[in-house]
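**Q** Residue numbers (my numbering): -3 to 382.
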């Protein structure tokens, strides 16, 4: 029975984040229609999406502790999410209408963009909050089922980010070009509803507590915010800030290679997330056997910074490869595939190290999501027309 419950949780973690990144790509496409295909569109998507994820991360922990039937609560949230997402396309249309009615009285570009941001935030904060709540809810239930932490939570995060990375790739390269925005949104919404209904059907009347609940409670009681943990948490905040800033910069960086298409955004997001997934998987079996995890954390941070500097200095090298490929390869799809592979590997290595470092800091008493502290120099080459 417990094994079945764990399987349902792992399926939920993977599926929710797969679908959530399908939506992130779809919403980015919709936002590009409002802001234009600029860095502002990507910044808006990430700002709204991650604000909801952060809020959901907090509220999810509150909801799951107070819920009498925890699995039923999780299933109901997913059904609500799916139903809401059925109407998300109409809500984007409403944003257009509201903005058009207000734009005649707006002269400042800053005020115009802020109004767009507020309107988009208003329609996306509910679904992104529910998406963000799923990770703490599943982690809590997983700890109850198994009564373990550390490497087990790392495995949940591995599935979480792996599903998200695959969702970004499928959405950007399959659903958007071959199915369409509206139809893809309906399919993803239906998937959320079916997943929620599956949980409601299979976990109805399931026992709510197990031996792991005592372990969870004792682990929480043993946590104290000493100076070392406070420092690591602060590093996590600023590391996350710089990591997402770097993600926006790299999205623009690769737009100069691929052109201003949804493919560039999808490949950056997928590489970002798959790097985190690989880092989680690589460290999970070694997490509890490390003698000095903080020392390894420091070494990995140095590697991250060094690799970020290497990427900054590689713009001319990538430009040379671009023009060489442009001259030698006539097949458009082969040309684009090689460029995607180069960009993917650049992103992949850096974020694999980043997630390994993050989990080291988490196991050491805090959490950190590191990011490079530098910015990319834009590539100067002209995109190849498709």
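All residues carry an ideal CB built from backbone N, CA and C; glycine is no exception.
In the DSSP assignment, the alpha helix (DSSP H) including residue 92 goes from what residue to what residue?
**A** Locating residue 92 in the chain shown gives position 96, where the first residue counts as 1. That run of the alpha helix (DSSP H) goes 84 to 99.
**Q** Return the residue from the list 158, 183, 197 that minimises the CA-CA distance to residue 270.
**A** Walking along the chain shown from the start, residue 270 turns up at place 274. The residue with the shortest Cα to Cα distance from residue 270 is 158.
**Q** Does DSSP put residue 64 in a helix, a strand or coil?
**A** Within the chain shown, the letter at position 68 stands for residue 64. Here residue 64 sits in coil by DSSP.
**Q** From residue 134 to residue 312, what does the alpha carbon distance come to, in whole angstroms?
**A** Looking up residue 134 in the chain shown gives position 138. Looking up residue 312 in the chain shown gives position 316. Their backbone Cα atoms lie some 45 angstroms apart in a straight line.
**Q** Excluding five sequence neighbours on each side, which residues of the same chain lie with their C-beta closer than 6 angstroms to the C-beta of residue 12?
**A** By 1-based counting over the chain shown, the position of residue 12 is 16. Here the set comprises 130.
**Q** CA-CA distance, residue 302 and residue 296?
**A** Taking the chain shown and counting its residues from 1, the one referred to as residue 302 is at position 306. Taking the chain shown and counting its residues from 1, the one referred to as residue 296 is at position 300. Using only the alpha carbons, I get a separation of about 10 angstroms.
**Q** Under 7 angstroms between the Cβ atoms of residue 6 and residue 196?
**A** Within the chain shown, residue 6 is the residue found at index 10, counting from 1. Within the chain shown, residue 196 is the residue found at index 200, counting from 1. No, the pair does not count as a contact, with Cβ atoms beyond the cut-off.
**Q** When DSSP labels each residue in this structure, what does residue 320 get in the three-state scheme?
**A** The residue given as residue 320 occupies position 324 in the chain shown. In this structure, residue 320 counts as helix in the three-state DSSP scheme.
**Q** On the three-pair Cβ rule with 8 angstroms, is the region 37 to 45 touching the region 177 to 187?
**A** Contact between the region 37 to 45 and the region 177 to 187 is absent, because fewer than three Cβ pairs lie under 8 angstroms.
**Q** Shortest alpha-carbon distance to residue 43 belongs to which of 121, 100, 22?
**A** Position 47 of the chain shown, counted from the first residue, corresponds to residue 43. Nearest option by C-alpha distance: 121.
**Q** Taking the alpha carbon of residue 199 as the reference point, which residue from 71, 223, 225, 28 has its own alpha carbon closest?
**A** On the chain shown, position 203 is the one that residue 199 refers to. Ranking the options by Cα distance to residue 199, first place goes to 71.
**Q** Is DSSP giving residue 179 helix, strand or coil here?
**A** Translated into the one-based positions of the chain shown, residue 179 becomes position 183. Residue state, collapsed to three classes: helix.
**Q** Counting only beta-carbon atoms, is residue 44 nearer than 7 angstroms to chain D?
**A** Among the chains of the structure shown, chain D does not appear; only one protein chain is present.
**Q** If you count every other CB in all the chains shown that lies within 10 Å of the CB of residue 161, and 16 or more means buried, which is it?
**A** Position 165 of the chain shown, counting from 1, holds the residue named residue 161. It counts as buried.
**Q** Within a Cβ cutoff of 7 angstroms, which residues of the same chain sit near residue 287, ignoring the five residues on either side of it in sequence?
**A** If you number the chain shown from 1, residue 287 lands on position 291. For residue 287, where only same-chain residues beyond five positions count, there are no Cβ hits under 7 angstroms.
**Q** Could you give the distance in angstroms between the alpha-carbon of residue 299 and the alpha-carbon of residue 9?
**A** If you number the chain shown from 1, residue 299 lands on position 303. If you number the chain shown from 1, residue 9 lands on position 13. So the alpha carbons of these two residues sit roughly 30 angstroms apart.
**Q** Can the beta-carbon of residue 17 be found less than 7 angstroms from the beta-carbon of residue 150?
**A** Numbered from 1 along the chain shown, position 21 holds the residue referred to as residue 17. Numbered from 1 along the chain shown, position 154 holds the residue referred to as residue 150. No.
**Q** Leaving aside the five residues before and after residue 167 along the sequence, list all residues of the same chain whose C-beta is less than 6 angstroms from its C-beta, in chain order.
**A** Taking the first residue of the chain shown as 1, we reach residue 167 at position 171. Cβ neighbours of residue 167 beyond the five flanking positions: 18, 21.
**Q** Within the same chain, show all residues whose beta-carbon is closer than 7 angstroms to that of residue 110, passing over the 5 residues directly before and after it, in chain order.
**A** Counting from one through the chain shown, the residue named residue 110 turns up at place 114. So the list is empty, once near-sequence residues are dropped.
**Q** According to DSSP, simplified to helix, strand and coil, what is residue 327?
**A** On the chain shown, position 331 is the one that residue 327 refers to. Three-state result, residue 327: coil.
**Q** Helix, strand or coil, according to DSSP, for residue 315 in the structure here?
**A** By 1-based counting over the chain shown, the position of residue 315 is 319. Correct three-state label for residue 315: helix.
**Q** With 16 as the cutoff for other CB atoms within 10 Å, does residue 25 come out buried or exposed?
**A** Here the question's residue 25 lines up with position 29 in the chain shown. Buried, by the Cβ-count rule.
**Q** Compute the beta-carbon to beta-carbon distance between residue 119 and residue 87, rounded to the nearest angstrom, for a pair I have assumed lies under 8 angstroms.
**A** In the chain shown, counting from the first residue as 1, residue 119 sits at position 123. In the chain shown, counting from the first residue as 1, residue 87 sits at position 91. Indeed, because the Cβ distance is near 4 angstroms, the residues count as touching under 8 angstroms.
**Q** Would you mind giving the Cβ-Cβ distance between residue 60 and residue 132, rounded to the nearest angstrom? I have them listed as a contact below 8 angstroms.
**A** Translated into positions along the chain shown, residue 60 becomes position 64. Translated into positions along the chain shown, residue 132 becomes position 136. 7 angstroms between Cβ atoms; contact.
**Q** In the structure shown, what three-state DSSP assignment does residue 152 receive?
**A** Sequence index remark: in the chain shown, residue 152 carries index 156 (1-based). Three-state DSSP puts residue 152 in a helix.
**Q** Are the beta-carbon atoms belonging to residue 52 and residue 125 less than 7 angstroms from one another?
**A** Against the chain shown, residue 52 aligns to sequence position 56. Against the chain shown, residue 125 aligns to sequence position 129. Their beta carbons are under 7 angstroms apart, which means residue 52 touches residue 125 by this criterion.
**Q** Which of helix, strand or coil does DSSP assign to residue 25?
**A** For the purposes of this step, residue 25 is taken as the residue at position 29 of the chain shown. Helix.
**Q** Among 330, 237, 329, whose alpha-carbon lies nearest the alpha-carbon of residue 47?
**A** Taking the first residue of the chain shown as 1, we reach residue 47 at position 51. Per the Cα distances, 237.
**Q** For the candidate residues 137, 153, 258, 225, whose alpha-carbon lies nearest to that of residue 169?
**A** Here residue 169 corresponds to residue number 173 of the chain shown, with the count starting at 1. Checking every option, the nearest Cα to that of residue 169 belongs to 258.
**Q** Find out if the Cβ-Cβ distance for the pair residue 153, residue 15 is shorter than 7 angstroms.
**A** Residue 153 sits at position 157 when you count from the first residue of the chain shown. Residue 15 sits at position 19 when you count from the first residue of the chain shown. No, these two residues do not count as a Cβ contact at 7 angstroms.
**Q** Are residue 263 and residue 336 close, meaning C-beta to C-beta below 7 angstroms?
**A** Residue mapping note: residue 263 aligns to position 267 of the chain shown, counting from 1. Residue mapping note: residue 336 aligns to position 340 of the chain shown, counting from 1. In this structure, residue 336 lies closer than 7 angstroms to residue 263 by Cβ.
**Q** Which of the three DSSP states, helix, strand or coil, is assigned to residue 102?
**A** To locate residue 102, count along the chain shown from 1; it is residue 106. Coil, per DSSP.
**Q** According to the Cβ coordinates, are residue 116 and residue 108 closer than 7 angstroms?
**A** On the chain shown, residue 116 is found 120 positions in, with the first residue counted as 1. On the chain shown, residue 108 is found 112 positions in, with the first residue counted as 1. Result no, Cβ atoms of residue 116 and residue 108 do not sit closer than 7 angstroms.
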